[in-house]
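In the numbering used here, the protein residues as written are 83 to 213.
Listed below in structure tokens is the structure:
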């Protein structure tokens, strides 16, 4: 069971703020990438192409950390540590929802053979910072 997100964290996640996602490479080193996010209750979702390193890492080791800072006030941020659950997204509906959130339009079409997954981050620890 994950932790309950407070209202400040929810607002930060609901804004057009980017997240930096960190996963663990096979050699134990970090792998980081920037993603668009969507909050679903007390979990955080992002879309990824199934062959990307972060997805391969999460398939092997579901530990994940994501950091989000407020683009309007970079001194307000949150780090969420938890585990990731992967599921298919054959209709690519999450990538459409994310594009609508961040750009206000549908994304350009992708080749049918490009497989996307939904990564659901279950928060186990939340560290908020505000100055």
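Beta carbons: idealized from backbone N, C-alpha and C, even for Gly. Being a predicted model, the structure only gives us computed values, none of them experimental.
Since I believe residue j is in contact with residue i (beta carbons under 8 Å), could you give me their beta-carbon distance rounded to a whole number of angstroms?
i	j	result
residue 106	residue 136	10 Å between Cβ atoms; not a contact.
residue 198	residue 171	5 Å
residue 212	residue 180	That belief does not hold up - the Cβ atoms of residue 212 and residue 180 are roughly 26 Å apart, past 8 Å.
residue 178	residue 194	Contact flag wrong, Cβ pair sits at about 15 Å.
residue 183	residue 98	7 Å
Under 8 Å, do residue i and residue j count as touching if we go by C-beta distance?
i	j	result
residue 202	residue 166	yes
residue 208	residue 120	no
residue 191	residue 84	no
residue 94	residue 150	yes
residue 117	residue 162	no
residue 139	residue 158	no
Give me the residue from the options with the minimum Cα distance to residue i.
i	options	result
residue 124	144, 182, 96 and 200	96
residue 169	132, 142 and 196	132
residue 176	211, 200, 94 and 121	200
residue 101	141, 138, 146 and 111	146
residue 156	127, 86 and 210	210
residue 143	110, 98 and 185	110
residue 148	160, 108 and 140	160
residue 122	139, 108, 92 and 162	92
residue 90	108, 152 and 141	152
Worksheet item: Where in the segment 168-199 do unbroken runs of the alpha helix (DSSP H), each at least 4 residues long, occur, reported from the N-terminal end onward?
Response: 175-185
Practice prompt. Jot down the residue ranges of each uninterrupted alpha helix (DSSP H) in the segment 111-169, minimum 4 residues, whole runs only, in chain order.
Written response: 135-142
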